[in-house]
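Chemist: The structure that follows is given in the form of structure tokens.
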Amino acid sequence: MLQDAYGRPITYLRVSITDRCNLRCVYCMPEEGVPWQSHENILRFEEIVAVVRVMAEQGIRSVRLTGGEPLVRKGVVDLVRMIADIPGIEDVSLTTNGILLEKYAADLAKAGLKRVNVSLDTLQAEKFARITRGGCVEKVWRGIQAAESHGLQPVKINVVVMRSVNDEELLDMARLTQVHPWHIRFIELMPVNNRYFWGPGYPMPDDAYFSIGEMLSVLQPLGLQRIPKSVGSGPAREYCIPGAPGKIGFISPLGEHFCENCNRLRLTADGCLRPCLLSDTEVAVREVLRAGGDILPHIQQAVALKPEGHELALEHLPNRRCMRDIGG
Ligand code: SAM
Ligand code: SF4
Numbered sequence: 002m003l004q005d006a007y008g009r010p011i012t013y014l015r016v017s018i019t020d021r022c023n024l025r026c027v028y029c030m031p032e033e034g035v036p037w038q039s040h041e042n043i044l045r046f047e048e049i050v051a052v053v054r055v056m057a058e059q060g061i062r063s064v065r066l067t068g069g070e071p072l073v074r075k076g077v078v079d080l081v082r083m084i085a086d087i088p089g090i091e092d093v094s095l096t097t098n099g100i101l102l103e104k105y106a107a108d109l110a111k112a113g114l115k116r117v118n119v120s121l122d123t124l125q126a127e128k129f130a131r132i133t134r135g136g137c138v139e140k141v142w143r144g145i146q147a148a149e150s151h152g153l154q155p156v157k158i159n160v161v162v163m164r165s166v167n168d169e170e171l172l173d174m175a176r177l178t179q180v181h182p183w184h185i186r187f188i189e190l191m192p193v194n195n196r197y198f199w200g201p202g203y204p205m206p207d208d209a210y211f212s213i214g215e216m217l218s219v220l221q222p223l224g225l226q227r228i229p230k231s232v233g234s235g236p237a238r239e240y241c242i243p244g245a246p247g248k249i250g251f252i253s254p255l256g257e258h259f260c261e262n263c264n265r266l267r268l269t270a271d272g273c274l275r276p277c278l279l280s281d282t283e284v285a286v287r288e289v290l291r292a293g294g295d296i297l298p299h300i301q302q303a304v305a306l307k308p309e310g311h312e313l314a315l316e317h318l319p320n321r322r323c324m325r326d327i328g329g
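In structure tokens form, the structure reads like this:
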């Protein structure tokens with residue numbers, strides 16, 4: 002079993018299956034886009050499966066596919082099936098912007114996907130198009146409905162909260178949990194290679210940061226009740242509106258350390274194991290795989306390199322990669 006130097010068992014792997022995306026969210030990518038990795042740098046499906054297989058033998062039980070946008074990668078349904086079939090893997094989930102979810106939800110569910118997290122930062126169509134630089138919120142709604150109707154539940158909705166961008170929608174978003182059994186998860190903005198001018202009308206990224214403490218005070222009128230940590234809640238601190246079928250979670254990478262219970266490793270689209278989202282340290286496995294070598298020592302090295310906690314408070318910002326490379 003994989004255990005790091007601080008005694009944390011490692012049971013969860015996030016895989017970025019592509020660095021490409023069909024949106025350009027202001028806090029994630031510059032408007033002109035970024036140079037994509039060449040095809041030969043990106044792990045092939047068999048290579049991703051080979052990594053997951055070795056990890057499953059070492060105790061990894063949950064795999065989340067992310068990106069870039071995972072649903073733009075051709076054959077994603079086959080990849081889900083291949084991973085779900087690996088002995089030991091109990092849970093395969095996916096984080097998506099939802100644009101292509103209506104098209105794929107049924108096939109993904111049949112292939113063995115259990116759940117989806119959908120990113121949705123605003124309920125307003127025009128604002129959504131501006132934040133994502135061209136996205137259609139209606140498509141995301143249809144995607145969420147399709148996911149639900151095909152049993153990809155509970156649907157979790159990720160909201161990155163930004164001052165003067167979408168902070169005035171917190172109450173509306175939270176109230177969705179009174180009518181739907183969804184988990185709305187409010188996430189603090191992270192300074193990962195996005196401290197540039199986002200465009201006219203946007204605050205500077207450092208000013209856009211909106212802390213969980215501020216979110217809780219905006220949501221005070223709802224009388225939120227803290228609920229015990231549930232399986233699969235990950236780093237979210239969870240609450241509910243009394244009597245509501247859904248839940249409200251808060252993810253605070255900056256304001257509150259969630260590192261203590263971190264059980265995850267990340268695999269980038271170009272085949273590097275990343276011990277911590279918020280540190281640039283990586284262990285490359287692609288060439289070892291391609292040379293037919295044993296990747297287990299590299300996996301063990303990545304686990305051994307997991308830091309006790311991230312160093313954002315010390316202003317050691319990760320700057321080698323963007324969020325769409327790492328997968329969030
Ligand atoms: N494209 C997919 C999506 O948007 O859901 C998956 C990849 S995206 C990088 C994963 C998650 O990271 C999304 O929920 C997105 O909102 C979040 N994210 C991206 N940049 C972020 C940032 N700077 N701070 C906090 N969350 C961020
Ligand atoms: Fe694409 Fe997701 Fe980044 Fe938005 S947050 S640009 S959807 S990868």
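Residues in the sequence shown are numbered consecutively from 2, following our numbering. Ideal placement from N, C-alpha and C gives every residue a C-beta, glycine not left out. These numbers were taken from a predicted model, which means no experiment stands behind them.
#1: Distance, Cα to Cα, Leu-279 vs Lys-307?
#2: Check the C-beta distance from Glu-170 over to Leu-124 and give it rounded, since I have them as a contact under 8 Å.
#3: Could you tell me the distance, in whole angstroms, from the CA atom of Ile-100 to the CA atom of Val-286?
#4: Name the one or two DSSP bridge partners that Ser-94 has.
#5: So, is Leu-14 buried or exposed, given that buried needs 16 or more other C-beta atoms within 10 angstroms?
#6: Determine whether the beta carbon atoms of Thr-164 and Asp-208 lie at a separation below 8 Å.
#7: Inspect the beta-carbon positions of Val-138 and Ala-148 and report whether they are closer than 8 Å.
#8: Please state the DSSP three-state secondary structure of Leu-44.
#9: Just how far apart, CA to CA, sit Ile-11 and Ala-303?
#10: Grouping DSSP H, G and I as helix and E and B as strand, with all else coil, what is Glu-239?
#11: Is the closest heavy atom of the ligand SF4 to the C-beta of Asn-98 under 7 Å?
#12: Going by the C-beta, is Gly-68 closer than 7 Å to any heavy atom of the ligand SF4?
#13: Considering Cα atoms alone, identify which of Gly-293, His-299 and Val-78 is closest to Arg-275.
#14: Pull up the DSSP beta-bridge partners for Ile-252, would you.
#15: Does the region 21-30 come into contact with the region 242-257, if we say contact requires no fewer than three beta-carbon pairs (one atom in each stretch) closer than 8 Å?
#16: Rounded to whole angstroms, what is the Cα-Cα separation between Pro-173 and Asp-122?
#17: Below 8 Å on the Cβ atoms is my contact criterion, and I expect Ala-106 with Leu-153 to pass it. Report the Cβ-Cβ distance as a whole number of Å.
#18: Residues in the same chain with beta-carbon distance under 7 Å from Asn-23, minus the five sequence neighbours each way, listed in chain order, please.
#19: In three-state terms, what does DSSP make of Gln-154?
#20: Mind checking who Ser-17 pairs with in its DSSP beta bridge?
#21: Helix, strand or coil: how does DSSP classify Leu-266 here?
#22: Kindly indicate the opening and closing residues of the beta strand (DSSP E) around Leu-306.
#23: Comparing the CB of Thr-19 with every heavy atom of the ligand SF4, is any distance shorter than 7 Å?
#24: Within 10 angstroms of its Cβ, does Gly-200 collect 16 or more other Cβ (buried), or is it exposed?
#25: For Val-50, which of Gly-34, Asn-167, Ile-18 and Leu-225 has the nearest alpha-carbon?
#26: Kindly identify the DSSP beta-bridge partner or partners of Cys-26.
#27: How long is the line joining the alpha carbons of Val-141 and Gly-224, rounded to whole angstroms?
#28: State the start and end residues of the unbroken alpha helix (DSSP H) segment that holds Arg-275.
Modeler: So, from the data block:
#1: Answer to the nearest angstrom: the Cα atoms are 11 Å apart.
#2: Contact between Glu-170 and Leu-124 is confirmed by a C-beta separation of about 6 Å, below the 8 Å threshold.
#3: Straight-line Cα distance between these residues: approximately 31 Å.
#4: Looking at the DSSP output, Ser-94 shares a beta bridge with Arg-65 and Arg-116.
#5: Result: buried.
#6: Note that residue 164 corresponds to Arg in the displayed sequence, not to Thr. Less than 8 Å separates the beta-carbon of Arg-164 from that of Asp-208.
#7: Against a cut-off of 8 Å, the Cβ pair of Ala-148 and Val-138 comes out as no contact.
#8: Note: Leu-44 maps to coil in three-state DSSP.
#9: Answer to the nearest angstrom: the Cα atoms are 11 Å apart.
#10: Under the three-state reduction of DSSP output, Glu-239 falls in the strand class.
#11: Of the heavy atoms belonging to the ligand SF4, at least one sits nearer than 7 Å to the Cβ of Asn-98.
#12: Relative to the ligand SF4, Gly-68 has its C-beta within less than 7 Å of a heavy atom.
#13: It is His-299 whose Cα lies nearest to the Cα of Arg-275.
#14: In the DSSP assignment, Ile-252 forms a beta bridge with Ile-188.
#15: Contact between the region 21-30 and the region 242-257 is absent, because fewer than three Cβ pairs lie under 8 Å.
#16: According to the sequence as given, residue 173 is Asp; it is not Pro. Between Asp-173 and Asp-122, the C-alpha separation is close to 12 Å.
#17: About 6 Å separates the two Cβ atoms, so the contact holds.
#18: Excluding positions up to five away in sequence, the list reads Glu-70, Val-73 and Ile-100.
#19: Coil at Gln-154, not helix or strand.
#20: The beta-bridge partner set that DSSP reports for Ser-17 consists of Thr-67.
#21: If DSSP states are grouped into helix, strand and coil, Leu-266 belongs with the strands.
#22: First-last for Leu-306: undefined, no H or E at that position.
#23: Closer than 7 Å to some heavy atom of the ligand SF4: that does not describe the Cβ of Thr-19.
#24: Counting every other CB atom within 10 Å of its CB across the protein chains shown gives Gly-200 a total below 16, marking it as exposed.
#25: Its Cα nearest to that of Val-50, the residue Ile-18 stands out among Gly-34, Asn-167, Ile-18 and Leu-225.
#26: Cys-26 pairs with nothing; no bridge assigned.
#27: Across the structure, Val-141 and Gly-224 are spaced so that their CA atoms are roughly 29 Å apart.
#28: Premise fails: Arg-275 lies in the beta strand (DSSP E), 273-275, not in any alpha helix (DSSP H).
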